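Below is one structure; the comments refer to it alone.
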Amino acid sequence: MSAQEIVIDCDVHNDMVGLSTYIPLVWREAWRNQRLPGGNYTNPRGGVARHDVTPPDGGRPASDPYFLISDHLDRYRIDYAILTGPHLLAMGTDPDYMTMAATAYNACTVDEWLDVSDRFRGSILVYADEPVAAAAEIRRWAGDPRFVQVIAAATTRRPLGQRYHWPIFEAAAEAGLPFAVHPGTEGAGTSLPPTPVGWPSRYMEWHNILPIGYMAQINSMVTEGVFEQFPSLQFVAIEGGMAWLPHLMWRMDKNYKALRDTAPWLKRLPSEYILDHVKLTTQPIEEPRRPHELREILAMIDAERTLMFSSDYPHWDFDNRDLILSSVEATTRDRIMGGTAAELYGLHRAPAVETLPSHRPVSGAESGHRQRAGDALTSIEAAVE
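Counting in this note's numbering, the sequence shown runs from 34 upward without gaps.
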């Protein structure tokens, strides 16, 4: 099977039923009382998960790895799932607490998911507003080849391109890992309003405007010279769609021609950096009424090297691989469905056939292998005791 024939889902939200058991004792009470900073915008349908993906044991959607393999990967003929987790780290007031949560999350990912099947690939979660600790977290897990990228919330206290964040990019580039961001924390915790004009009134308004955060972060990373400083770094914008990218590239190129002296480190047009270093995922894909318009947008962003398939399983706005991109020619579709992701994540071969239990319920009590998590968390406990 060639890389073009491999299908890779670049946004699968696995749950973690045993996450609380990975929290160090010194933080347990705080975890019980506050968990993670919450947002101001909640889905009006009772959460973001579909109601038809509940595991046989009645657990939370995407909490049973065996059921996820059967219900999603096998059902839709998907070779690999890039796990993006149940939640990201919104901006909070205690950087040590947020850093601890990232380490617990990554340890739990290994034991509950990566150890179960070779078809799962993990994302190293970091708290980007504590860059030195985030870089240490990347180096902690970078030796495990089952982690294929770094992931952080798309919302940050400062634009990502500023030098404050460069320790994160240095660690990611050193490890050969892409740096990905995901929406969901806009307006949550101690972050600024989710739009430049203030706070939306309702969930739909908030959800409609999420791509502006991606535009701001890409603009910052290109203009601040991140990709000149770290020429091997790849940036992945998950779950932001893609129809806005032509506008951003055109506007940045236009302004660069008149204002290039304000960013003298740039040696090429901004659009060239974007096409070489930025990847987008399909969901939620824009679907114009005229199919040819979608094909035109794909051509504008050179989709065969910038766009990767994602389903957003198990969320309500899930994209079915059998339904999206049906009007796109086969060569382009194959690149989007897996070819580009296979190159980015080093997944050039289909996974070996595995013999796994079918629909086996899991619970936090069944999650073993705590020693690895304990080793990873020792340094944090020592620092705060």
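By construction, the Cβ of each residue, glycine as well, lies at the ideal position given by its N, Cα and C atoms. Keep in mind the model is a prediction, meaning the values are calculated, not measured.
What are the residues that DSSP puts in a beta bridge with residue i?
i, result
"Gln154", "Residue identity check: residue 154 is Arg in the sequence provided, not Gln. Beta-bridge pairing links Arg154 to Ile115."
"Leu340", "Leu313"
"Ala429", "No information on residue 429 is available, as it lies outside the stretch 34 to 418 that the chain covers here."
"Ile184", "Leu158, Ala213"
"Thr7", "The structure shown does not extend to residue 7, since the chain spans only 34 to 418, so no value can be given for it."
"Thr388", "Its beta-bridge partners do not exist; DSSP assigns none."
"Thr228", "Gly231"
Under three-state DSSP, which class holds residue i?
i, result
"Arg403", "Bear in mind that the predicted position of Arg403 carries a pLDDT of just 39, short of 50, making it too unreliable to give a figure here."
"Tyr160", "coil"
"Ile242", "coil"
"Asn47", "coil"
"Asp42", "strand"
"Pro394", "Its pLDDT being 48, under 50, Pro394 is placed unreliably in this model, and the coordinates cannot settle the point."
"Ala206", "helix"
"Val59", "helix"
"Tyr74", "coil"
"Tyr346", "strand"
"Gln419", "Absent from the structure is residue 419, since the part of the chain shown begins at 34 and ends at 418."
"Ala375", "helix"
"Phe263", "coil"
"Thr189", "coil"
"Thr223", "coil"
"Val269", "strand"
"Thr132", "helix"
"Met87", "For the record, residue 87 in the displayed sequence is Thr; it is not Met. Three-state DSSP puts Thr87 in coil, outside helix and strand."
"Thr126", "coil"
"Val143", "helix"
"Met333", "helix"
"Met285", "helix"
"Arg293", "helix"
"Ala137", "helix"
"Asp367", "helix"
"Asp97", "coil"
"Ala249", "helix"
"Met254", "helix"
"Ser360", "coil"
"Ser53", "helix"
"Pro303", "helix"
"Glu320", "coil"
"Trp298", "coil"
"Ala169", "helix"
"Trp277", "coil"
With a cut-off of 8 Å on the beta carbons, I'd call residue i and residue j a contact; round off their distance for me.
i, j, result
"Tyr99", "Gly118", "Their Cβ separation, rounded to whole angstroms, is 18 Å, which puts Tyr99 and Gly118 out of contact at 8 Å."
"Met248", "Leu281", "5 Å"
"Ser344", "Phe351", "6 Å"
"Ile115", "Tyr378", "7 Å"
"Leu380", "Met275", "Not really, about 22 Å apart at Cβ, beyond 8 Å."
"Gly273", "Leu299", "Between Leu299 and Gly273 the Cβ distance is about 23 Å, and since that is not below 8 Å, they are no contact."
"Val165", "Pro200", "6 Å"
"Tyr160", "Ala135", "5 Å"
"Ala206", "Phe263", "4 Å"
"Asp151", "Glu387", "7 Å"
"Arg354", "Phe342", "6 Å"
"His348", "His84", "About 12 Å separates the two Cβ atoms, so there is no contact after all."
"Tyr109", "Arg154", "Between Arg154 and Tyr109 the Cβ distance is about 17 Å, and since that is not below 8 Å, they are no contact."
Answer with yes or no whether the minimum CB distance from residue i to chain C is below 8 Å.
i, result
"Thr75", "Going by chain labels, chain C is absent from the structure shown, which holds only one protein chain."
Taking 7 Å as the cut-off, does the CB of residue i come closer than this to any heavy atom belonging to the ligand MG?
i, result
"Ser103", "For the structure depicted, the ligand MG is absent and the ligand set is empty, with no information on it obtainable."
Under 8 Å: do the segment 295 to 303 and the segment 320 to 337 share three or more Cβ pairs, one atom per stretch?
no
How about the segment 184 to 196 and the segment 115 to 129: do they share at least three Cβ pairs that are nearer than 8 Å?
yes
The segment 300 to 312 / the segment 268 to 276 touching (three or more Cβ pairs under 8 Å)
yes
Three or more C-beta pairs below 8 Å linking the segment 39 to 46 and the segment 369 to 384
yes
For the segment 43 to 58 and the segment 85 to 97, state whether three or more C-beta atom pairs, one from each stretch, are separated by less than 8 Å.
yes
Would you call the segment 234 to 241 in contact with the segment 174 to 182, where contact means no fewer than 3 C-beta pairs closer than 8 Å?
no
Measuring CB atoms only, is the segment 217 to 231 touching the segment 250 to 260, in the sense that at least three cross pairs come out at less than 8 Å?
no
Can you confirm whether the segment 125 to 136 touches the segment 57 to 71 when touching is taken to mean that 3 or more C-beta pairs between the two stretches lie within less than 8 Å?
yes
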